[in-house]
Amino acid sequence: MSAVREVRRVGFIGLGSQGGPMARRIAEAGIPTTLWARRPEALAEFRDTGAATAATPAELAAGCDLVCVCVLDDAGVEHVVTGPEGVLEHLSEGGVIAVHSTVRPGTVERLADLAAERGVAVLDAPVSGGGPAAEQGRLLVMLGGDADAVEHCRHVFSAYGDPVVHLGPVGAGQRAKLVNNLLLAANMGVAESAFAVARGLGVDPARLGAVLAHGTGRSFGAAMVREPEFTLRTSSERAGSLLQKDVRLIADLAKEAGIHLGTVLDAADAALASMGWPR
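In this note's numbering, the protein residues as written are 231 to 509.
Right, here's the structure in full:
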């Protein structure tokens, strides 16, 4: 792979509820930015930032040194990177592609091999925290890939991320993110069960929620068991499909590696079932 060049312009693809605030943070940090989105209305929201727009991912890549991809799934990542009018064919030697989507580690490893043939580096860079954390610049960014590429791009990731953690080679970031989300789902399942116990013992669920917000039993997952029912059904529309995808991914990885996931998977499965999104 060629030496990574200085990042003078960043391209961003995927302006959804999480990617949009990330891209805005880059532009508002004064880093020259180019955007592409399938929906023109998504681009219209950035008129006040000074960011440029591109007609295709290929056009975006041709003028950028780092291209950040934050689309929904493996198929979406592969399409914008290697598909017709994709990023890889038009990104110059020494450029970097950062995959912020949560996908199979094998997907980013395969893309990294293809990119290396063109002198381009691929980093997997999944994030955790959601849109509000992106807006505040405190997303957790989990990086896998070449250390030199990570350091060349760190100032960009720091525009929306704190902390920014380099975990190892390509794929390491995805594996860490999947473990994180498996534990999130498990915490949600355990917390829902705890609220049911509290109701059975005559403890008011709303007041228990106030206790768990400050007690040693607190967790991000427990905070997602919300009023009025204090079950996970209230979180299903927002989190169900994404957690189902991620738990399926890590369950497949564990099976391939011969790892028994045990209690953490049982609790995660209970959460998914309660949300109506069984694995």
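Glycine included, every Cβ here is placed at the ideal spot set by N, Cα and C. As the structure is a computational prediction, the values presented were derived from the model and not from experiment.
Own chain partners of residue i with C-beta closer than 7 Å, once the 5 adjacent residues on each side are dropped
i, result
"valine 234", "Gly324, Val326, Ala351, Asp378, Ala379, His382"
"methionine 479", "For the sequence presented, residue 479 should be read as leucine rather than methionine. So the list reads Arg334, Leu408, once near-sequence residues are dropped."
CA-to-CA distance, residue j to residue i, given in whole angstroms
i, j, result
"histidine 385", "leucine 431", "51 Å"
"aspartate 354", "glutamate 236", "19 Å"
"valine 441", "alanine 416", "20 Å"
"alanine 436", "arginine 468", "21 Å"
"leucine 473", "glycine 360", "13 Å"
"leucine 462", "methionine 252", "28 Å"
"arginine 269", "histidine 490", "42 Å"
"leucine 397", "aspartate 376", "10 Å"
"glutamate 365", "arginine 254", "8 Å"
"valine 394", "glutamine 404", "14 Å"
"aspartate 392", "serine 423", "32 Å"
"alanine 346", "threonine 446", "47 Å"
"glutamate 457", "leucine 369", "26 Å"
"aspartate 343", "valine 301", "20 Å"
CB contact flag (residue i, residue j, <7 Å)
i, j, result
"alanine 487", "glycine 419", "no"
"leucine 412", "valine 371", "no"
"aspartate 304", "threonine 337", "yes"
"threonine 285", "alanine 257", "Note that residue 285 is alanine in the sequence shown here, rather than threonine. The answer is no: Cβ separation not under 7 Å."
"glycine 316", "valine 310", "yes"
"threonine 332", "proline 356", "yes"
"serine 449", "methionine 505", "no"
"phenylalanine 276", "leucine 265", "yes"
"glycine 401", "glycine 374", "yes"
"alanine 267", "leucine 245", "yes"
"alanine 421", "valine 455", "yes"
"glycine 451", "leucine 414", "yes"
Supposed close pair residue i, residue j - CB separation, criterion 8 Å
i, j, result
"arginine 239", "cysteine 294", "5 Å"
"phenylalanine 425", "phenylalanine 387", "Actually they do not touch by this definition, with Cβ atoms about 37 Å apart."
"isoleucine 261", "alanine 389", "7 Å"
Cβ neighbours of residue i in the same chain (closer than 6 Å, five flanking residues each side left out)
i, result
"histidine 320", "Ala288, Ala291, Ala292"
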